[in-house]
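Engineer:
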Amino acid sequence: RHRTSKATADLIGACPTDAATAALCLLALLLGSPCTAATMSTVAHPARVIFMHGLGDTPSGWADTLRSTFSARVPHVSWALPAAPKAPVTCNGGMVMNSWMDLHEIPVEPGAHDDEAGIGRSVSTVHRAIDEAVASGIPAERIVVAGFSQGAAMAFISTLRYPKKLGGCVILSGWPPLINKEPIALSANAKTEFFIAHGLSDNVVTAECAQLTGEGLSAAGVPARMRLYPGMAHSSCDKEMQDLGEFLAEVLA
C-alpha cells in the first residue's frame, strides 16, 4: 500500500500555514520550482522526518503515503527521503538493487549477520541528511529519523551514532543492527524517544526483532514504546499510521 508510480520524491514539503508562506509557494510554482521545505522557510516551528525506504525500494515507494497520511496531522513537518545506493545483495543471489547494507538471509531474525562496512557507509549518508536539515535552520531536536524494514534498521543505528540529541526515532518492521556491539547508553540519543512498530504476521523480518529492539533499548535506559499489530505482514496498516501520527505530533509538537 505504500508504493506509487510517481517519480522519486527526495523532499516532501511541509504544508503552508500562513498567507506569507502560501504566497511563497505560489511564487515558487510560477517560477517552475516545487513547493518543498526549501521554499517554505517561514513555516512556524519547522521540523523534519528523514525516512529511509526498504530493500529494493526507492524514495517514491513511500512518498504518497507519507504526504497523504501526515500532511494535515503535522503540517509543520517536511519529509526527506534519501535513496539507498545500488549494491549486490547476497540473499537475492547477488542481484544488484537499492540496498543500505548487504543481507545474507531472509527472513531477518535476531542474530542475523551485520554488514558492518555497508552499515557504516549508509550511516554517513543518513547523517549527511540530518546535517543538511540542521544547516537549513531546523534544530537537531526537531528532527526524527525513521524508516521501514532495512531503512528502519538504518534509522536505529544512525540515531544512536549521531553526535547530537535528535527529536525521535521510528522503526517500522525493522531490526536492531549491531545491538550487541553498540554502546547504547553512551549515545547522545540515549534519552531520545523511540517508536517501534511491527506486524505479528511478518515473515520477512520477524516480530522477534522488534522485541529484541525494545529490550535492548530499555536495558540501556532509552525510552521506547512498542506497538505490535495482529495480522499485519511486512507492510503497514491504518492503525500503525495512526499511532505513528500520534508519536510525531507529540515529539515534534
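Mapping of the sequence shown onto the working numbering: residues 3 to 255, in sequence order.
The beta carbon of each residue, even a glycine, is placed where N, CA and C say it ideally should be.
Does Trp64 come out as helix, strand or coil in the three-state DSSP assignment?
Structural biologist: helix
Engineer: For Arg272, does the count of other Cβ atoms within 10 angstroms reach 16, so buried, or fall short, so exposed?
Structural biologist: A question about residue 272 goes unanswered here, because the residues of the chain that appear run from 3 up to 255.
Engineer: Name the DSSP beta bridge partners of Phe72, please?
Structural biologist: According to DSSP, which records beta bridges pairwise, Phe72 is partnered with nothing at all.
Engineer: In whole angstroms, what separates the C-alpha of Met243 from that of Pro90?
Structural biologist: In a straight line, the C-alpha of Met243 is about 31 Å away from that of Pro90.
Engineer: Check this for me: beta carbons of Ser175 and His200, under 8 Å apart or not?
Structural biologist: yes
Engineer: In whole angstroms, what separates the C-alpha of Ala2 from that of His78?
Structural biologist: For the chain, the structure presents residues 3 to 255; residue 2 sits outside this window and is missing.
Engineer: Helix, strand or coil for Ser80, going by three-state DSSP, please let me know.
Structural biologist: strand
Engineer: Quick one: which unbroken beta strand (DSSP E) runs of 3-plus residues sit fully inside the segment 195-225? Chain order, please.
Structural biologist: 196-201
Engineer: Closer than 7 Å to a non-hydrogen atom of the ligand ZN - does that hold for the CB of Glu242?
Structural biologist: Here there are no bound small molecules, and the ligand ZN is not part of this structure.
Engineer: In three-state terms, what does DSSP make of Lys88?
Structural biologist: Lys88: strand per DSSP, three-state reduction.
Engineer: Have a look at Ala222 and Ala187 and give me their C-alpha separation to the nearest angstrom.
Structural biologist: 5 Å
Engineer: Helix, strand or coil: how does DSSP classify Met266 here?
Structural biologist: With the chain represented from 3 up to 255, any question about residue 266 goes unanswered, as that position is not in the structure.
Engineer: Rounded to whole angstroms, how far is the Cβ of Gln152 from the Cβ of Ser101, which I believe are closer than 8 Å?
Structural biologist: 7 Å
Engineer: Assuming Gly170 is part of the beta strand (DSSP E), what are its boundary residues?
Structural biologist: Segment 170-174, the beta strand (DSSP E) holding Gly170.
Engineer: For Asn191, count neighbouring C-beta atoms within 10 Å of its own C-beta (all shown protein chains included) and say buried if the count is 16 or more, exposed if not.
Structural biologist: buried
Engineer: Compare the Cα-Cα distances from Leu162 to each of Lys183, Met103, Arg144 and report the closest residue.
Structural biologist: Lys183
Engineer: Assuming Gly218 and Pro179 form a contact by the criterion Cβ under 8 Å, report the distance between their Cβ atoms to the nearest whole angstrom.
Structural biologist: Incorrect: roughly 11 Å between the Cβ atoms, too far for contact.
Engineer: Got a sec? Which residues, its chain only, sit under 8 Å from Val125 by beta carbon, not counting five neighbours each side?
Structural biologist: The beta carbon of Val125 lies closer than 8 Å to those of Met156, Ile159, Ser160, Arg163 in the same chain, with the five residues before and after it left out.
Engineer: What residue from Asp240, Val207, Lys241, Leu250 has the CA that sits closest to Thr194's CA?
Structural biologist: Leu250
Engineer: Closest to Phe72 by C-alpha separation, out of Ala131, Ser237, Lys88, Gly247, would be which residue?
Structural biologist: Gly247
Engineer: At the level of alpha carbons, what is the spacing between Leu105 and Met99?
Structural biologist: Near 12 Å, if we compare the C-alpha coordinates of Met99 and Leu105.
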